[in-house]
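Colleague:
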Amino acid sequence: MTSPGIGDLAGRPVAPRMADPAEAPSREASEAPGGFERLRELLLGGERRELADARARIAELERAQRDLPARLPDAAVEALRNEQGNPRVAAALSEPVAQALGAAVQKHRQSLVDALFPILGPMIRKSIAEALRSLVANLNGAIESSFTARGLKWRFEAWRGGVPYAEVVLKHRLAYGIDHVFLIERASGLVLHHASAPGLPPLDADAIAGMLTALGDFVDDSVGGDVGGALESAQVGADLVWVEHGPRANLACFVHGVPPAQLRTLMEQRLEEIHAHLLALPPDAPLQSLGEDALVRGLLAPAALLRDTEEATAPSSARKPSRVPLLVIGALALALLGGLAWSRWRWDARIDALRARLAAHPGFVLTGIEARAWRALTVHGLLDPDAEPLDAVLAGADLGAVVPTLDASGYVSTDDAVIARRAARLLAPPGSVTLAVQGRVLRLSGTAPQAWIDAAQARAPWVAGVARVESSLSAAAAGAGDDAAVAQRQARLELERVLAELQARHVAFVQGVDPADGADAVVDDLAASLRRVTALAPAAKVEVGIRAYGSNDESGGSETNARVRAQRAQWLEHALAARGITGVSVADSAQPADAPNRRGAELRATVREAGP
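Set out below in structure tokens:
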């Protein structure tokens, strides 16, 4: 049977092909996904395209956000260049820049000192050169007038007053005057009193006080050091500034010309009288009230200072030459002997104080001290390994440039404080347990897991130095994972103790990278502590990073000190590597924030949680 209208390409009728029942499901399966996709495109095509566009925009924003730190400096420079001269930019930047400068002065004062030193040095040298040229010109004038009537008069005045002719010449040729007097609070730099000579233009007293305070801090930080140096004089324009320092206030005088030395003595006396007057004021009286005090105004009036200085420098009466040179030589000899005696007394006093502190240090028995005054010092004794390190005691001896060395042998101490540290190290109590030792009796109190209590009661009597154990421990409620948590906590406590001892140790150096006596013993202790840290870190589930730092005192320039710090840190890293300790990083030139002002090298640790 044929169907009409159906034929082959030639037009011949052909029999219709019957559909295979097995092929129908296959064709439906192949056509169904395509139809579903077309239906989904018709229904959701717009939303899908919008979602794709949104994802592209989010990806672009995330990429721009990641690139923002790299593009921000160039963008800021471009914005400032385009807005140059705009007052709004200056107004917007003034407050943050001022705050940044203030923070930099507080935190990086030494860097500012290093930056200002090349600027202030030439200025000071130029001022000194100008002063010397003026002095030479005045002396030339004095020599030219030596045999004139005025010169003969000055010679007669010098002979009558018993003073050198040159001093009289300087007195007359180099006239001086006091232009301004400032009384400045030492702690804050605020102006307490200001007086000026008549006829002078007004000054910004607060700005000048701030300038003097900043210069004083600069001098103290850069060249003062441990000897207590302070700004005593400076050249400001045509005026010479003399500064006298007191416990609570400083006195500054702006002087033109060449003042006599008696003026400084008078300034010292005036400042002492003002401090004596402060003692009579009520404790809560503000220092700012001194500006209205009649006594202070009278003492610091420029005219009064000039008058009293002239009276002090005026010759009292004509006198014959005396045995002044002999007396001066005798006084110098006595001063030299007195200085030597005083220096020796200071050394002995500090050694006695150090001996007392060492004798009172738990876990240390002092057997002797070998010392050469202000040259070297070695401490001999017995030291319990569980005792507090002696670094802080030796560093606090205040022996100037002398670096004390320790020659100690081990022993077992029965001091209560040492027994407590030993018990804490061996028992590793959790934070809920209180451990105390009194009269060699170990007392345990608090709550802890039963497993730790059983172990502590078994081990506590065997702690060296413990005569008896008293326990009031109670078992804490047990939970899943308690034993592992207790072990981790104990490991962390022990790790904290070992790291504290590690960072308290200090390798001393004499000069450059020349280690002091006893440095090898300190490095051995550091290596042992690092091995203990390596063993405890997995149990505590933390990762510990060790970094070697060098330290130095304030002697030497900043570049030299940075190079020496890096060399000392490398020396310590090599010494540890020779003992099998690897993985210690080296700080090239930096020093830790808590670095002491001494020549040495030390280790610092960083602890972070271990990854899963």
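Under the working numbering, the residue at position 172 of the sequence shown is numbered 640, and the numbers go up by one with no gaps.
We treat Cβ as the ideally placed atom computed from N, Cα and C, and that holds for glycine.
Assuming residue 647 is part of the beta strand (DSSP E), what are its boundary residues?
Modeller: 645-653
Colleague: Taking the continuous beta strand (DSSP E) assigned at residue 719, which residues delimit it?
Modeller: Per DSSP, residue 719 belongs to the beta strand (DSSP E) from 717-724.
Colleague: Residue 647 to residue 671, Cα distance in whole Å?
Modeller: Distance from the CA atom of residue 647 to the CA atom of residue 671, rounded to whole angstroms, is 11 Å.
Colleague: Residue 811: buried (16+ other C-beta within 10 angstroms of its C-beta) or exposed?
Modeller: exposed
Colleague: Please classify residue 893: does DSSP put it in a helix, a strand, or coil?
Modeller: helix
Colleague: For residue 888, I'd like the list of residues in its chain whose CB is within less than 6 Å of its CB, leaving aside the five on either flank, ordered along the chain.
Modeller: 905
Colleague: Residue 1008 and residue 1047 - do their beta-carbons sit closer together than 7 Å?
Modeller: no
Colleague: Look up residue 1074 in the DSSP assignment and give the residues it is bridged to.
Modeller: Within the DSSP bridge table, the entry for residue 1074 names 1013 as partners.
Colleague: Once DSSP output is grouped into helix, strand and coil, what is the label at residue 1032?
Modeller: helix
Colleague: Which residue spans inside the stretch 885-941 form an unbroken beta strand (DSSP E) run of at least 3?
Modeller: 901-906 and 909-916
Colleague: Is it right to say residue 565 is buried, meaning 16 or more other beta carbons lie within 10 angstroms of its own, or is it exposed?
Modeller: exposed
Colleague: With distances taken from CA atoms, which of 743, 548 and 845 is nearest residue 869?
Modeller: Checking every option, the nearest Cα to that of residue 869 belongs to 845.
Colleague: Excluding the five sequence neighbours on either side, which residues of its own chain have a C-beta within less than 8 Å of the C-beta of residue 829, listed in chain order?
Modeller: 855, 856, 858 and 861
Colleague: Put residue 861 into one of helix, strand or coil per three-state DSSP.
Modeller: helix
Colleague: Quick one: measure Cβ to Cβ for residue 768 and residue 649, integer angstroms, because I've assumed they're closer than 8 Å.
Modeller: Residue 768 to residue 649, Cβ: 5 Å. Contact.
Colleague: Taking the beta strand (DSSP E) that residue 766 belongs to, which residues open and close that run?
Modeller: Not the beta strand (DSSP E): residue 766 falls in the alpha helix (DSSP H), residues 762-767.
Colleague: Within 10 Å of its beta-carbon, does residue 490 have 16 or more other beta-carbons around it, so buried, or fewer, so exposed?
Modeller: For residue 490, the predicted model reports a pLDDT of 44, less than 50, meaning its position is unreliable; a value from the coordinates is still stated below. Exposed: under 16 other Cβ atoms inside 10 Å.
Colleague: With a Cβ-Cβ cutoff of 7 Å, do residue 1016 and residue 1071 count as a contact?
Modeller: Between residue 1016 and residue 1071, the CB-CB gap stays under 7 Å.
Colleague: Please state whether DSSP places residue 1052 in a helix, a strand or coil.
Modeller: coil
Colleague: Taking 8 Å as the limit between beta carbons, can you name the residues of its chain near residue 818, skipping five residues before and five after?
Modeller: 865, 866 and 867
Colleague: Rounded to whole angstroms, what's the CA-CA distance from residue 725 to residue 644? Just pull it up for me.
Modeller: 4 Å
Colleague: Determine whether the beta carbon atoms of residue 1084 and residue 930 lie at a separation below 7 Å.
Modeller: Because the chain is modelled from 469 through 1080, residue 1084 falls outside the range shown and cannot be assessed.
Colleague: If you reduce the DSSP assignment to three classes, tell me which class residue 877 lands in.
Modeller: strand
Colleague: Can you tell me which of the three DSSP states residue 842 falls into?
Modeller: It is coil, neither helix nor strand.
Colleague: Bridge partners for residue 979 per DSSP, in chain order?
Modeller: 982
Colleague: Keeping to the same chain, check which residues put their C-beta closer than 6 Å to that of residue 851; ignore five residues upstream and five downstream.
Modeller: Excluding its 5 nearest sequence neighbours in each direction, residue 851 has C-beta neighbours in its own chain below 6 Å: 832 and 876, listed in chain order.
Colleague: In terms of residue numbering, what span does the beta strand (DSSP E) encompassing residue 701 cover?
Modeller: 701-704
Colleague: So, does the stretch 1014-1033 touch the stretch 1048-1056, judging by three or more C-beta pairs under 8 Å?
Modeller: yes
Colleague: Need the endpoints of the beta strand (DSSP E) that residue 663 sits in, please.
Modeller: 659-664
Colleague: On the DSSP bridge list, what partners appear for residue 837?
Modeller: As a beta-bridge residue in DSSP terms, residue 837 pairs with 847.
Colleague: Is the beta carbon of residue 662 closer than 7 Å to that of residue 673?
Modeller: yes
Colleague: Confirm, please, whether the CB-CB distance from residue 940 to residue 913 is below 7 Å.
Modeller: With contacts defined by Cβ atoms closer than 7 Å, residue 913 and residue 940 form a contacting pair.
Colleague: Flag this pair as yes or no: are the beta carbons of residue 739 and residue 705 separated by less than 7 Å?
Modeller: no
Colleague: Hey, out of 853, 826 and 873, whose CA is closest to residue 840's CA?
Modeller: Checking every option, the nearest Cα to that of residue 840 belongs to 873.
Colleague: Rounded to the nearest angstrom, what separates residue 892 and residue 903 at their Cα positions?
Modeller: C-alpha separation (whole angstroms): 7 Å.
Colleague: In or out: residue 720 buried (at least 16 other Cβ within 10 Å) or exposed?
Modeller: buried
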